[in-house]
Every structure is written in C-alpha cells, then in structure tokens.
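**Student:** I'd like to ask some things about the structure below.
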Amino acid sequence: RKEVEQDPGPFNVPEGATVAFNCTYSNSASQSFFWYRQDCRKEPKLLMSVYSSGNEDGRFTAQLNRASQYISLLIRDSKLSDSATYLCVVRGLGSGAGSYQLTFGKGTKLSVIP
Amino acid sequence: DGGITQSPKYLFRKEGQNVTLSCEQNLNHDAMYWYRQDPGQGLRLIYYSQIVNDFQKGDIAEGYSVSREKKESFPLTVTSAQKNPTAFYLCASRALSFNTGELFFGEGSRLTVL
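In structure tokens form, the structure reads like this:
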C-alpha cells in the first residue's frame, strides 16, 4: 500500500458544483494532515490543516477519519479559480526538522468548467 | 516582503555538468528543505537542514549535495552523478518553533538536461 494515496483525477466539474477528494494514508501513527494547493507549474501552498474534529474555511471543509486512515476535502460552490492540483500531505511522528517528515500524495487535479 | 527566492527559474544543462540551484529565505526560519517533483509524482525529499553547518539526507540524496553556511541560504548542487536530473526542484522552509507549522515554498527551479 502506498504511503499516501490520492485519486489523480482529473475531476472536471461545472461551476457551482460540490466536489470531494479523498486521500488514504498507510501509517497509523501519522500526526498531522494538510491539504496543499498547487497551480500548474507553480509551487504548492498550504490550503488548510486538517483537525481531528474536522474544520471548515469558507467553501472548503476538511475531515479526518483516523479509524479508516483517510482524510477528505470538500469544495462547495466551485469557482473557476479553484482549478488546481490538490495535494494530500501527511506528517509522521516526532519533532524538529528531521522528524518533520512530510509525505506528499501525487495530487488530484481539479478543473472547474464554465 | 518575506519569502523564499529560488534562482534560476529555468536552467538547461548538458550531461556531465554540475549545476547549483540557489535558495534564499528572509523569514528567519531555521529549517530548510529541498524537494524534487517529477510530472504526475508527489514531492520527494532530497536534503534538509535545521541549523547552520548541519544537514541530513532525505529519501533521494544520491547525486545531490548541499551546504548551509548561512541561516538564510541553502543551495543545492545537482552533480553529474545524478542519473535523471531533469525535474522541478522546490526549496522550502519552516519555523521550528511551530511543530505543526506550514512549509513555505519558493517558486521552484525547472532543470532540463539536454
């Protein structure tokens, strides 16, 4: 099983649609979870952290299911500007730069169509 | 404005040549990282450093070298020993005082070996 697995997509959705991405991780001891957004040929940028209780930021909702080892990202009312690749990122145990080992998924590509 | 600056943005190199990618940050971050991204792939860690004059190998360090002579600077050298160096290289930094802190990325350097 891959460490962090995402559906590569592409997900082609019309403007205004709701779209959900899932990501599964293999290390049950993983500590922290994030969604990063990467525009075409650009650097990744943090979209949101994922908390155990779930969290929301405007049209974006992130959820964590530790028992099943997956996280999800829900985007409501999709905008053209949401078109990007969404990277699932998982952090392992420990502290300090060395053990701040982030494992990146390959990303899910989203295209929002007018 | 604070941030991370990578240069050059695009670089072409002949086989057998070494090349050095620059990464400078003015965020006062202790930890710095180099990642490599190939098309359709997740980010893979090359090297990281959490303090001046100290650095550690990541998952794919072979054929690469780094130095950390100043807190602000973490250059990466791609040597002729790297068998498949064509890729998108991303430098990142993080404040160690925040254990779950965000990774800030530079805009990346796109290396093509001719």
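From first to last, the protein sequence lines are chains A and B.
Its first residue numbered 3, the first sequence is counted upward by one per residue in this note's numbering.
Its first residue numbered 349, the second sequence is counted upward by one per residue in this note's numbering.
Quick reminder that beta carbons are idealized off the backbone N, C-alpha and C, glycines included.
Fair warning: this is a prediction, and the values are worked out from it, not measured in the lab.
1) Between the C-alpha atoms of K418 (chain B) and R78 (chain A), what's the straight-line distance to the nearest angstrom?
2) Identify whether D386 (chain B) lies in helix, strand or coil by the three-state DSSP scheme.
3) If contact means a Cβ-Cβ distance below 9 Å, which residues of the stretch 366-391 of chain B contact chain A?
4) Quick one: measure Cβ to Cβ for Q71 (chain A) and Y27 (chain A), integer angstroms, because I've assumed they're closer than 8 Å.
5) CA-CA distance, K47 (chain A) and G94 (chain A)?
6) With distances taken from CA atoms, which of A:L112, A:S113 and A:K108 is nearest C25 (chain A)?
7) For L438 (chain B), tell me which candidate among B:P423, B:L444 and B:Q430 has the shortest Cα-Cα distance.
8) Assuming Y395 (chain B) and V414 (chain B) form a contact by the criterion Cβ under 8 Å, report the distance between their Cβ atoms to the nearest whole angstrom.
9) To which residues of the same chain is Q355 (chain B) closer than 6 Å at the C-beta, ignoring the five residues directly before and after it?
10) Starting from A434 (chain B), follow its DSSP beta bridges and name the residues at the other end.
11) Y112 (chain A) CB to nearest chain B CB: under 7 Å?
12) Just checking my contact of L359 (chain B) with L459 (chain B) at CB under 8 Å: how many whole Å lie between their CB atoms?
13) Cα-Cα, which of B:V367, B:Q430, B:Q398 and B:G364 is closest to A440 (chain B)?
14) Decide if the stretch 43-59 of chain A is in contact with the stretch 13-20 of chain A; the criterion is three or more beta carbon pairs, one per stretch, under 8 Å apart.
15) Are the Cβ atoms of D84 (chain A) and V52 (chain A) separated by less than 7 Å?
16) Which complete alpha helix (DSSP H) runs does the stretch 4-55 of chain A hold, if anything under 4 residues is left out?
17) Using a Cβ cut-off of 7 Å, pull out every chain E residue sitting near P46 (chain A), in sequence order please.
18) Express the C-alpha separation of N57 (chain A) and R68 (chain A) in angstroms, rounding to a whole number.
19) Just checking my contact of L112 (chain A) with A86 (chain A) at CB under 8 Å: how many whole Å lie between their CB atoms?
20) Skipping 5 residues on each side, what residues in its chain have a beta carbon closer than 7 Å to that of E363 (chain B)?
21) Are the C-beta of F23 (chain A) and some C-beta of chain B separated by less than 7 Å?
22) Quick check: the Cα distance between G411 (chain B) and P12 (chain A), rounded to an integer number of angstroms?
23) Taking buried to mean at least 16 other C-beta atoms within 10 Å of its own C-beta, is N14 (chain A) buried or exposed?
**Tutor:** Working from what's here:
1) Your numbering for residue 418 (chain B) matches position 70 in the second sequence. Your numbering for residue 78 (chain A) matches position 76 in the first sequence. Cα-Cα distance, rounded: 44 Å.
2) As a first step, residue 386 (chain B) is located in the second sequence; it is residue number 38 there, counting from the start. Here D386 (chain B) sits in coil by DSSP.
3) D378, A379, M380, Y381, Y383, Q385, G388, Q389, G390 and L391
4) Position 69 of the first sequence holds residue 71 (chain A). Position 25 of the first sequence holds residue 27 (chain A). Confirmed, Cβ separation roughly 5 Å.
5) Within the first sequence, numbered from 1, the residue matching residue 47 (chain A) stands at position 45. Within the first sequence, numbered from 1, the residue matching residue 94 (chain A) stands at position 92. Those two C-alpha atoms are separated by around 20 Å.
6) In the first sequence, the residue the question calls residue 25 (chain A) occupies position 23. With distances taken between Cα atoms, C25 (chain A) lies closest to A:K108.
7) Position 90 of the second sequence holds residue 438 (chain B). The option with the nearest alpha carbon to L438 (chain B) is B:P423.
8) As a first step, residue 395 (chain B) is located in the second sequence; it is residue number 47 there, counting from the start. As a first step, residue 414 (chain B) is located in the second sequence; it is residue number 66 there, counting from the start. That belief holds up - the Cβ atoms of Y395 (chain B) and V414 (chain B) are roughly 5 Å apart, short of 8 Å.
9) Along the second sequence, read from residue 1 onward, the residue named residue 355 (chain B) stands at position 7. The sequence given here has Ser at residue 355 (chain B), not Gln. So the qualifying residues of the chain are S370.
10) In the second sequence, counting from the first residue as 1, residue 434 (chain B) sits at position 86. Checking the sequence, you will find Thr at residue 434 (chain B) rather than Ala. According to DSSP, which records beta bridges pairwise, T434 (chain B) is partnered with nothing at all.
11) Position 110 of the first sequence holds residue 112 (chain A). The question names Tyr, yet the displayed sequence has Leu at residue 112 (chain A). Cβ-Cβ to chain B under 7 Å: no for L112 (chain A).
12) On the second sequence, position 11 is the one that residue 359 (chain B) refers to. On the second sequence, position 111 is the one that residue 459 (chain B) refers to. About 5 Å separates the two Cβ atoms, so the contact holds.
13) Start at 1 with the first residue of the second sequence, and residue 440 (chain B) comes out as number 92. If we check each option's Cα against that of A440 (chain B), B:Q398 comes out closest.
14) no
15) Position 82 of the first sequence, counted from the first residue, corresponds to residue 84 (chain A). Position 50 of the first sequence, counted from the first residue, corresponds to residue 52 (chain A). No, the pair does not count as a contact, with Cβ atoms beyond the cut-off.
16) none
17) Here the protein chains are A and B, and chain E is not one of them.
18) Your numbering for residue 68 (chain A) matches position 66 in the first sequence. Your numbering for residue 57 (chain A) matches position 55 in the first sequence. About 15 Å.
19) Along the first sequence, one-based indexing puts residue 112 (chain A) at 110. Along the first sequence, one-based indexing puts residue 86 (chain A) at 84. About 6 Å separates the two Cβ atoms, so the contact holds.
20) One-based indexing of the second sequence puts residue 363 (chain B) at position 15. The answer, listed in chain order, is V461.
21) Here residue 23 (chain A) refers to the residue found at position 21 of the first sequence. No, because no Cβ of chain B sits closer than 7 Å to the Cβ of F23 (chain A).
22) Taking the second sequence and counting its residues from 1, the one referred to as residue 411 (chain B) is at position 63. Taking the first sequence and counting its residues from 1, the one referred to as residue 12 (chain A) is at position 10. Cα to Cα, G411 (chain B) sits roughly 33 Å from P12 (chain A).
23) Residue numbering aside, residue 14 (chain A) sits at position 12 when the first sequence is read from its first letter. Result: exposed.
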